[in-house]
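Q: This structure is in structure tokens; I'll ask about it shortly.
Number of protein chains: 2
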Amino acid sequence: MKLAAVDVRQAASAADIVYDALRKAIIEGDLAEGENLRQDQIAQMFNTSRIPVREALSRLEQHGLITTERYKGAVVAGLSIEEIDEIFEFRAFVEAEVMRLAVPNLGEDALAAARRYCEEFSRETDSARWGEINRSFHYSLYAASGRPYYLQIVRTSLDRIDRYLRAQLTLTNGVMRADREHKAILEACLNGDASLASRLTRDHVLDAGRSLVAFLKDQRA
Amino acid sequence: MKLAAVDVRQAASAADIVYDALRKAIIEGDLAEGENLRQDQIAQMFNTSRIPVREALSRLEQHGLITTERYKGAVVAGLSIEEIDEIFEFRAFVEAEVMRLAVPNLGEDALAAARRYCEEFSRETDSARWGEINRSFHYSLYAASGRPYYLQIVRTSLDRIDRYLRAQLTLTNGVMRADREHKAILEACLNGDASLASRLTRDHVLDAGRSLVAFLKDQRA
DNA sequence: ATATTGTATATTGGATCCAATTTTTCTAAC
DNA sequence: GTTAGAAAAATTGGATCCAATATACAATAT
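One line per chain: the protein sequences are A and B, in this order. Numbering-wise (our numbering), the first sequence opens with residue 1470 and increments by one. Numbering-wise (our numbering), the second sequence opens with residue 1470 and increments by one.
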């Protein structure tokens, strides 16, 4: 007998689904900072009970995306200017190192993928997609570092500030500069210049952080 | 009217209590790698239901301390040699930076506290306490960096490998070397030499990592 | 004796229910 | 009309109950 193998992988649990959806909504800024998240309301939205919702909220809290208070519920966590600044500094520090480690291992495929994302970023006019493409571009290069733990840390750090970054990219024409910097990073990778790629990555993140902080200071004043 | 301020902080929820207890037990190695954690059994130990236990397990999983599988339960996560190696490399990288940032801000109090922990580490004969004192020593210095996010990351990284480190300290006389290195780091801090303190911290962590990896390779072979 | 099938048990994820407490709304007095 | 207090509604954390499925073991066929 011969049968086509079918992937019967376990369907994700309700808690996983809720977690992923809420994480995405927060990261992309669809849930505004300070917004109240009621367990019951979310449970109804996902056609489930409060139990998996609570589990999802608990996970989000561990990652600093929400804060909860008993009898009051969960709110999307807001970050102070100082916190945002620190996270950018940290990202620049770690991502530069990841880039440095990645360059020697970059193969044809990774470089081709990075080039595609870079061009896609240039062409894209829908601001909602910039954040996603930006992530893809950088991760396609970072992956070659062979450092899954570093990347996991980078991911959770980026999760915390991505929604601010997206807003800033959209509102201040930061894409122009980001686009230029992407091209320079890609060029350094193609030339196999690890230390240049690392330095450019560091500056790329710090630049974004600086303009975002300036933007937020203005906005919040 | 004048009242003594009383800390009426919300009593920790059952889930918090279970989480803290399990985290501590895993970090300190009281729960062995691969050990099965049954929700029911834990719930009985804490005189509670499975609901808060599940929440605690979910949080632990987010931090990589356990893995869970449906219908099978949770097991204390084991790390491969490669993963342990990577986490040490990452810690060395980040902690060196934190140290560098901390030195210029170190005040009398912090230095005095660090000196006390350093001496306490030297004197302590109960191996179960080394891990705790070691953490206190380093954190008393790191705190001056004024980088709470970096420190949070350091903490979760250390959580992942602390139990291996404790075992290795105990079994291979690694305390002797650690003690020497602590004194050197403290000395550099007292002299305000940030780059030396940073380099020594990096080497301190890398050293520990190297002997641990060697120890584990031997043990697992 | 061994492999296969069926059944009982163990265990998890989720639904529903309950207790505690906060927030809101209503009522009444001024 | 405003404000203080009481009742009602809302909301969370936890307990108990139910459904789904994996594992262990007994029964059966070869």
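For each residue, glycine too, the CB sits at the ideal point set by N, CA and C.
Please list the segments of the alpha helix (DSSP H) lying wholly inside the stretch 1604-1660 of chain A, counting only runs of 4 or more residues, in order along the chain.
A: Runs found: 1617-1641, 1643-1659.
Q: What residues of chain A sit near Ile-1622 of chain B, judged by a beta carbon separation below 7 Å?
A: Numbered from its first residue, the second sequence carries residue 1622 of chain B at position 153. Going along chain A in sequence order, the residues near Ile-1622 of chain B (Cβ under 7 Å) are Ile-1622.
Q: Under a CB-based cut-off of 8 Å, is Tyr-1611 of chain B close to chain A?
A: As a first step, residue 1611 of chain B must be located in the second sequence, where it is residue number 142. Not one chain A Cβ lies under 8 Å of Tyr-1611 of chain B.
Q: Please identify the residue among B:Arg-1679, B:Gly-1600, B:Val-1682 whose C-alpha is closest to the C-alpha of Asp-1648 of chain B.
A: In the second sequence, counting from the first residue as 1, residue 1648 of chain B sits at position 179. Of B:Arg-1679, B:Gly-1600, B:Val-1682, the residue nearest in Cα terms is B:Gly-1600.
Q: Report the residues of the stretch 1627-1656 of chain B with a CB closer than 9 Å to any CB of chain A, ordered along the chain.
A: So the list reads Arg-1629, given in the order they occur along the chain.
Q: What residues match up with Thr-1536 of chain A in a beta bridge as DSSP calls it?
A: Along the first sequence, one-based indexing puts residue 1536 of chain A at 67. Its beta-bridge partners are A:Val-1544.
Q: Nearest-angstrom Cα distance between Leu-1685 of chain B and Ala-1501 of chain B?
A: Your numbering for residue 1685 of chain B matches position 216 in the second sequence. Your numbering for residue 1501 of chain B matches position 32 in the second sequence. So the alpha carbons of these two residues sit roughly 15 Å apart.
Q: In terms of residue numbering, what span does the alpha helix (DSSP H) encompassing Thr-1670 of chain A cover?
A: Taking the first sequence and counting its residues from 1, the one referred to as residue 1670 of chain A is at position 201. Thr-1670 of chain A -> alpha helix (DSSP H) spans 1663-1689.
Q: So what's Asn-1505 of chain B in DSSP terms, helix, strand or just coil?
A: Sequence index remark: in the second sequence, residue 1505 of chain B carries index 36 (1-based). If DSSP states are grouped into helix, strand and coil, Asn-1505 of chain B belongs with the strands.
Q: Would you kindly work out how many angstroms separate the C-alpha atoms of Asn-1516 of chain A and Ile-1486 of chain A, rounded to a whole number?
A: What you label residue 1516 of chain A is simply residue 47 of the first sequence in a count that begins at 1. What you label residue 1486 of chain A is simply residue 17 of the first sequence in a count that begins at 1. Taking the straight line from one Cα to the other gives about 11 Å.
Q: What are the boundary residues of the alpha helix (DSSP H) that includes Glu-1589 of chain A?
A: As a working mapping, residue 1589 of chain A is identified with position 120 in the first sequence. Counting along the chain, the alpha helix (DSSP H) containing Glu-1589 of chain A begins and ends at 1577-1592.
Q: Assign Arg-1689 of chain B to one of two classes, buried (16 or more other C-beta atoms within 10 Å of its C-beta) or exposed (fewer than that).
A: For the purposes of this step, residue 1689 of chain B is identified with residue 220 of the second sequence, where counting begins at 1. Arg-1689 of chain B should be labelled exposed.
Q: If we ignore side chains and look at the alpha-carbon of each, how far apart do Ala-1546 of chain B and Ile-1630 of chain B end up?
A: Start at 1 with the first residue of the second sequence, and residue 1546 of chain B comes out as number 77. Start at 1 with the first residue of the second sequence, and residue 1630 of chain B comes out as number 161. Near 11 Å, if we compare the C-alpha coordinates of Ile-1630 of chain B and Ala-1546 of chain B.
Q: Below 8 Å between beta carbons: does that hold for Tyr-1618 of chain B and Glu-1555 of chain A?
A: For this step, residue 1618 of chain B is matched to residue 149 along the second sequence. For this step, residue 1555 of chain A is matched to residue 86 along the first sequence. Cβ distance < 8 Å, so Tyr-1618 of chain B and Glu-1555 of chain A count as in contact.
Q: Quick one: grab the DSSP three-state call for Asp-1554 of chain B.
A: In the second sequence, the residue the question calls residue 1554 of chain B occupies position 85. Helix, per DSSP.
Q: In its own chain, which residues sit with a C-beta less than 7 Å from the C-beta of Asp-1476 of chain B, not counting the 5 before and 5 after it?
A: On the second sequence, residue 1476 of chain B is found 7 positions in, with the first residue counted as 1. For Asp-1476 of chain B, the predicted model reports a pLDDT of 38, less than 50, meaning its position is unreliable; a value from the coordinates is still stated below. Excluding sequence neighbours, Asp-1476 of chain B sits near nothing in its chain.
Q: So that I know if they touch, is there some Cβ in chain A lying closer than 8 Å to that of Phe-1562 of chain B?
A: In the second sequence, the residue the question calls residue 1562 of chain B occupies position 93. So yes, Phe-1562 of chain B belongs to the interface.
Q: So, under 8 Å CB-CB, Ala-1484 of chain B and Ala-1525 of chain B are touching, yes? Tell me the CB distance rounded to an integer number of Å.
A: Along the second sequence, read from residue 1 onward, the residue named residue 1484 of chain B stands at position 15. Along the second sequence, read from residue 1 onward, the residue named residue 1525 of chain B stands at position 56. Right, their Cβ atoms sit about 5 Å apart.
Q: At a CB-CB cut-off below 7 Å, which residues of chain B make contact with Phe-1559 of chain A?
A: Looking up residue 1559 of chain A in the first sequence gives position 90. Tyr-1618, Tyr-1619, listed in chain order.
Q: Would you please verify whether the beta carbon of Glu-1502 of chain B is less than 8 Å from any beta carbon of chain A?
A: Here residue 1502 of chain B refers to the residue found at position 33 of the second sequence. It does not; no Cβ of chain A falls within 8 Å.
Q: Taking only the alpha-carbon atoms, compute the straight-line gap between Val-1674 of chain A and Ala-1565 of chain B and give it to the nearest angstrom.
A: Locating residue 1674 of chain A in the first sequence gives position 205, where the first residue counts as 1. Locating residue 1565 of chain B in the second sequence gives position 96, where the first residue counts as 1. Roughly 21 Å between the two C-alpha positions.
Q: Any contact between the stretch 1577-1592 of chain A and the stretch 1531-1538 of chain A? By contact I mean 3 or more CB pairs, one from each, below 8 Å.
A: The stretch 1577-1592 of chain A is not in contact with the stretch 1531-1538 of chain A.
Q: Quick check on Ala-1483 of chain B: does DSSP put it in helix, strand or coil?
A: Sequence index remark: in the second sequence, residue 1483 of chain B carries index 14 (1-based). Reduced to three states, the DSSP call for Ala-1483 of chain B is helix.
Q: By a C-beta neighbour count over all protein chains shown, 10 Å radius and 16 as the cutoff for buried, is Asn-1603 of chain B buried or exposed?
A: Working through the second sequence from its first residue, we reach residue 1603 of chain B at position 134. Asn-1603 of chain B comes out buried.
Q: Pick from A:Arg-1624, A:Ala-1653, A:Glu-1497, A:Asp-1628: whose alpha carbon is nearest that of Val-1567 of chain A?
A: Your numbering for residue 1567 of chain A matches position 98 in the first sequence. Measuring from the Cα of Val-1567 of chain A, the nearest candidate turns out to be A:Arg-1624.
Q: Can the beta-carbon of Val-1572 of chain B be found less than 8 Å from the beta-carbon of Ala-1663 of chain B?
A: Residue numbering aside, residue 1572 of chain B sits at position 103 when the second sequence is read from its first letter. Residue numbering aside, residue 1663 of chain B sits at position 194 when the second sequence is read from its first letter. Cβ atoms of Val-1572 of chain B and Ala-1663 of chain B: closer than 8 Å.
Q: Can you tell me which of the three DSSP states Tyr-1488 of chain A falls into?
A: To locate residue 1488 of chain A, count along the first sequence from 1; it is residue 19. Helix, per DSSP.
Q: Report the option in B:Lys-1652, B:Arg-1528, B:Gln-1513, B:Ser-1549 whose CA atom is closest to the CA atom of Arg-1585 of chain B.
A: Translated into positions along the second sequence, residue 1585 of chain B becomes position 116. Measuring from the Cα of Arg-1585 of chain B, the nearest candidate turns out to be B:Lys-1652.
Q: Can you tell me whether Phe-1515 of chain B is helix, strand or coil according to DSSP?
A: Locating residue 1515 of chain B in the second sequence gives position 46, where the first residue counts as 1. Note: Phe-1515 of chain B maps to coil in three-state DSSP.
Q: Kindly list, in the order they appear in chain B, the residues whose Cβ is closer than 9 Å to that of Ile-1556 of chain A.
A: On the first sequence, residue 1556 of chain A is found 87 positions in, with the first residue counted as 1. Result: Tyr-1618.
Q: Could you name the residues of chain B that Glu-1566 of chain A contacts, counting a contact when the two beta carbons are closer than 7 Å?
A: As a first step, residue 1566 of chain A must be located in the first sequence, where it is residue number 97. Per Cβ cutoff of 7 Å: Phe-1562.
Q: Determine the burial state of Asp-1626 of chain A: buried for a count of at least 16 other Cβ atoms within 10 Å of its Cβ, exposed for fewer.
A: Start at 1 with the first residue of the first sequence, and residue 1626 of chain A comes out as number 157. According to the sequence as given, residue 1626 of chain A is Ser; it is not Asp. When all chains shown are included, Ser-1626 of chain A counts as buried.
Q: Using CA coordinates, which residue listed in A:Arg-1635, A:Asp-1676, A:Glu-1558, A:Arg-1560 is at the minimum distance from Arg-1598 of chain A?
A: Along the first sequence, one-based indexing puts residue 1598 of chain A at 129. For the residues A:Arg-1635, A:Asp-1676, A:Glu-1558, A:Arg-1560, the minimum Cα distance to Arg-1598 of chain A belongs to A:Arg-1635.
Q: When burial is assigned at 16 or more other CB atoms within 10 Å of the CB, is Ala-1683 of chain A buried or exposed?
A: Your numbering for residue 1683 of chain A matches position 214 in the first sequence. Counting Cβ neighbours within 10 Å, Ala-1683 of chain A comes out exposed, since fewer than 16 surround it.
Q: According to the neighbour-count rule (16 or more other Cβ atoms, all chains shown, within 10 Å of its Cβ), is Thr-1594 of chain A buried or exposed?
A: Counting from 1 along the first sequence, the entry for residue 1594 of chain A is found at position 125. Result: exposed.
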